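Participant: Got a structure for you, written out below as structure tokens; questions coming shortly.
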């Protein structure tokens with residue numbers, strides 16, 4: 020066993036917020052403004068900024084990214100901010116926030132709970148900001164162990180872990196990997212073909228919905244009424260176009276089955 024390995028419990032949890040569709044106008048420069056505001060809530064400047072273009076990607080120390088005004092020099096398609104991990108953080112990066120406004124459309128936040136002192140408060144403030152700025156049409160929130168690969172899961176893929184000095188060879192459960200891969204083709208499709216303004220990827224304890232979802236029919240009722248009449252969690256409006264649906268974790272699987280039967284999910288497994 021490597022020296023110092025004993026301090027790792029393999030239980031570091033990452034909290035994620037992933038928005039797949041939104042109503043606000045958003046280009047890469049506007050995305051940067053929102054990422055900067057999220058960094059302000061976190062209270063620490065990022066260590067690295069990554070930009071992705073049609074044929075290339077580049078990593079910059081954050082101070083150089085700002086100094087060189089990188090976004091003005093080329094039409095970039097995606098932007099990420101990364102915070103390096105500390106000694107008590109197992110994730111490859113302690114915090115990752117990123118936006119791809121067009122191809123692989125996604126706005127995502129992943130925070131290792133060991134990386135911030137007040138995770139719940141920080142995440143609530145970030146969620147409020149994202150709802151105000153993006154006007155989410157569809158999104159999810161979830162928590163999982165770092166070694167399951169939350170960023171890969173958000174994008175319909177799966178990560179592999181390899182044994183290193185401070186990490187053992189864990190990976191996501193097989194059923195989770197299957198569900199993630201089932202979402203992959205939907206994620207990679209053009210936004211208009213995803214149908215995520217009317218269907219949900221899957222059911223999670225935290226879901227952001229819009230009228231297109233709530234007006235769908237299930238058991239002869241609108242989804243909104245079906246949720247409220249059956250007390251299937253708590254539904255509340257959080258922006259002009261967004262409703263937050265919180266579902267108790269023990270109830271997710273039974274409700275999920277009924278949503279699949281009603282063809283309201285894109286993942287059927």
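Numbering (this note's numbering), first residue to last: 20 to 288.
Cβ atoms here follow ideal geometry from the backbone N, Cα and C, with glycine treated the same way.
These figures come from a predicted structure and were not determined experimentally.
Can you look up residue 243 in the DSSP assignment and give me helix, strand or coil?
Facilitator: Here residue 243 sits in helix by DSSP.
Participant: To the nearest angstrom, how far is it from the Cα of residue 194 to the Cα of residue 200?
Facilitator: About 10 Å.
Participant: Identify every residue that forms a DSSP beta bridge with residue 125.
Facilitator: Bridge partners of residue 125: 119.
Participant: Pull up the distance between the alpha-carbon of residue 46 and that of residue 100, whole angstroms please.
Facilitator: When rounded, the distance between both Cα atoms is 16 Å.
Participant: For residue 284, collect the residues of the same chain with a Cβ closer than 8 Å to its Cβ; drop the 5 residues on either side in sequence, then sort them by chain order.
Facilitator: Cβ within range, chain order: 218, 219, 220, 221, 222, 275, 278.
Participant: Flag this pair as touching only if the stretch 131 to 147 and the stretch 87 to 99 have three or more C-beta atom pairs under 8 Å; answer yes or no.
Facilitator: No: the two stretches stay apart, fewer than three of their Cβ pairs being nearer than 8 Å.
Participant: Roughly how many angstroms lie between the CA atoms of residue 255 and residue 87, to the nearest whole one?
Facilitator: Rounded to whole angstroms, residue 255 to residue 87 spans 43 Å at the Cα level.
Participant: What do you get for residue 141, buried or exposed, if any count of 16 or more other CB atoms within 10 angstroms of its CB means buried?
Facilitator: Counting Cβ neighbours within 10 Å, residue 141 comes out buried, since at least 16 surround it.
Participant: If contact is defined by three or more beta carbon pairs under 8 Å, each pair taking one atom from either stretch, is the stretch 35 to 55 in contact with the stretch 115 to 128?
Facilitator: Result yes; three or more Cβ-Cβ pairs closer than 8 Å.
Participant: To the nearest angstrom, report how far apart residue 250 and residue 163 are at their CA atoms.
Facilitator: Distance between the alpha carbons of residue 250 and residue 163: 26 Å.
Participant: Whole angstroms is fine: what's the gap from residue 151's alpha carbon to residue 258's?
Facilitator: Cα-Cα distance, rounded: 6 Å.
Participant: Assuming contact is defined by CB atoms lying nearer than 8 Å, are residue 51 and residue 115 in contact in what I supplied?
Facilitator: Against a cut-off of 8 Å, the Cβ pair of residue 115 and residue 51 comes out as no contact.
Participant: Using DSSP with H/G/I as helix, E/B as strand and the rest coil, what is residue 283?
Facilitator: Three-state result, residue 283: coil.
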